[in-house]
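Numbering (UniProt numbering), first residue to last: 1 to 246.
Given below as structure tokens:
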């Protein structure tokens, strides 16, 4: 509510919000008799108003002043600190200072940073292996070769080969399961086959505007193998049919 008043939201709307958040209770049953607890913090999950309330609070963090060369990239409650520098030691200093600002802000607002879930990575085109370490709340975080952010796997070279590998592992399982229920000789009509094939395509194409321009040929080839597998079932074709033909 403090943030709502600070943003000059009309007082009558603030009072509506205050009443909405007042006397909230959680009713649950977990291995025993039913219990009811008071909820004194947090954003109501699954509500229409929830994202707006979160944005009102989170806006304060995004307005914090970061070290020169560091900026925020935020989506919902996922936050990334992005820094740019020619020197690794300078990048470590910048990002460690920025991470400390984030940790302090969260602590001052009753929130806790999940240090164990925090990751770091250097994105570079150089062939030199860059050792990277940053500090976060007294915890040392070493640079990883690949991290997952919003469902996309980012590797140090940004060629998205690792993303293709993880995606193929998931898509192959689905494609093989669908192939079993879609034999070449069956009552399944083409419309049904295409519908089920879209399940595999939705997995493969997730985030494609991001990785498609940069993905290595090796990654594209692996994705093509999965696509061919399900395309054979859509066309009711033999396994000897080439990828280009299918």
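Built from N, CA and C at the ideal position, the CB exists for glycine as well.
Cut-off 6 Å between Cβ atoms - residues of its own chain near residue 250, not counting five sequence neighbours on either side: For the chain, the structure presents residues 1 to 246; residue 250 sits outside this window and is missing.
Roughly how many whole angstroms lie between the Cα atoms of residue 47 and residue 91? 39 Å
Inter-stretch contact at 8 Å, needing at least 3 Cβ pairs: the segment 148–161 / the segment 131–140: no
Proximity winner among 107, 101, 110, relative to residue 135 (alpha-carbon distances): 101
Alpha carbons only, please: which of 76, 89, 31 is nearest the one belonging to residue 62? 76
Using the rule of at least 16 other Cβ atoms within 10 Å of the residue's Cβ for burial, across every protein chain shown, is residue 24 buried or exposed? With fewer than 16 other Cβ atoms inside 10 Å of its own Cβ, residue 24 counts as exposed.
Three-way DSSP call (helix, strand, coil) for residue 146 in this model: Strand.
Within 10 angstroms of its Cβ, does residue 245 collect 16 or more other Cβ (buried), or is it exposed? Exposed: under 16 other Cβ atoms inside 10 Å.
Reference residue 68; option with closest CA among 121, 15, 105, 83: Looking at the Cα atoms, 83 is the closest of the given residues.
Nonlocal neighbours in the same chain, by C-beta distance under 7 Å from residue 168, ignoring five residues either side: 222, 223, 226
Could you name each continuous beta strand (DSSP E) segment of 3 residues or more that falls completely within the UniProt domain "Reverse transcriptase" (1–154), going from the start of the chain to the end? 25–28, 35–38, 70–75, 78–83, 133–136, 139–142, 146–149
Can you tell me the Cβ-Cβ gap for residue 1 and residue 17, rounded? I've got them flagged as a contact below 8 Å. Taking 8 Å as the upper bound for CB-CB distance, residue 1 and residue 17 are in contact here, some 7 Å apart.
Spatial neighbours of residue 188 within its chain, please: C-beta separation below 6 Å, excluding the five flanking residues on both sides. 182, listed in sequence order.
Element boundaries [alpha helix (DSSP H), containing residue 224]: Segment 217–235, the alpha helix (DSSP H) holding residue 224.
Please report the distance separating the alpha-carbon of residue 71 from that of residue 8. 26 Å
Of all the beta strand (DSSP E) runs that stay within the bounds of the segment 152–220, which reach a length of 3 or more residues? 152–155
Say whether chain B places a C-beta atom closer than 8 Å to the C-beta of residue 106. Absent from the structure: chain B. Only one protein chain is present.
If we call anything under 8 Å between Cβ atoms a contact, is residue 174 one with residue 203? yes
Exposure of residue 59, with buried meaning 16 or more beta-carbon neighbours within 10 Å: exposed
Name the residue from 114, 116, 132, 119 whose alpha carbon lies nearest to the alpha carbon of residue 85. The candidate whose alpha carbon is nearest that of residue 85 is 132.
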